Amino acid sequence: MGTVGILFEMSIDPSVSSAPFASIEQVSYFQTEEEVLFSMHTVFRIGEITKIDKNSSLYQVELKLTSDDDEELRTLTNRVRVETPGDTGWKRLGQLLLTLQCSDKAEALYKTEALYKTLLQQTSDESEKAHYYTQLGYIKTDQGHYTKAIEYYEKAYEIDQKTLPPNDPSLSVFYNNIGSV
470 MGTVGILFEM
480 SIDPSVSSAP
490 FASIEQVSYF
500 QTEEEVLFSM
510 HTVFRIGEIT
520 KIDKNSSLYQ
530 VELKLTSDDD
540 EELRTLTNRV
550 RVETPGDTGW
560 KRLGQLLLTL
570 QCSDKAEALY
580 KTEALYKTLL
590 QQTSDESEKA
600 HYYTQLGYIK
610 TDQGHYTKAI
620 EYYEKAYEID
630 QKTLPPNDPS
640 LSVFYNNIGS
650 V
């Protein structure tokens, strides 16, 4: 499949309470552009998507800035928190991708070279390493790569076996994971 171009048309009502944003056209390097800077975690609702021209691969996507009290967004956010309890950051995203059965995307997240180094080689927290190896095991199990899944589960088990008491109930998870493969 070829590439497509997308023109985002953003609709922002300044009277609606939402994530902070500001015009930066006076300080922008590109003086002819009307640039707006949005704060982190700004969320837009996707509206209509239309093809701009029949003979090209250009699309226009209408976006509307959500309000701070958007009930549908709050419901979705709460659901994500329920599906990924206790996790934060990359762990939460990886777990969410696995929950959504997007194992290839979860694997790409966990195995991106820079992230892989950050998560597995640079962390000093052994329980974090065990968690990431377990997640990679889930991914490989989901993909049907059972030998590799067992390798990841065993690496996680070896780490937790060194850091947890021998009768810790959480060690049974590894036996279950390996047994399920």
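Residues are numbered in my numbering as their position in the sequence shown, beginning at 1, plus a constant of 469.
No residue lacks a Cβ here, since even glycine has one placed at the ideal position from N, Cα and C.
These numbers come from a predicted model, not from an experiment.
The Cβ atoms of Ser596 and Thr632 lie closer than 8 Å to each other. Nearest to Glu504 by alpha-carbon distance, out of Phe513, Glu494, Asp611 and Tyr498, is Glu494. Residue environment: Ala618 is assigned as buried (16 or more neighbouring CB atoms within 10 Å of its CB, all protein chains considered). DSSP places Ala488 in the coil class of the three-state scheme, outside both helix and strand. A Cβ-Cβ contact shorter than 8 Å links Ser487 with Asp537. Judged by DSSP secondary structure, Gln500 falls outside any beta strand (DSSP E); it is assigned neither H nor E. The region 562 to 573 makes no contact with the region 506 to 522, as fewer than three CB pairs between them are under 8 Å.
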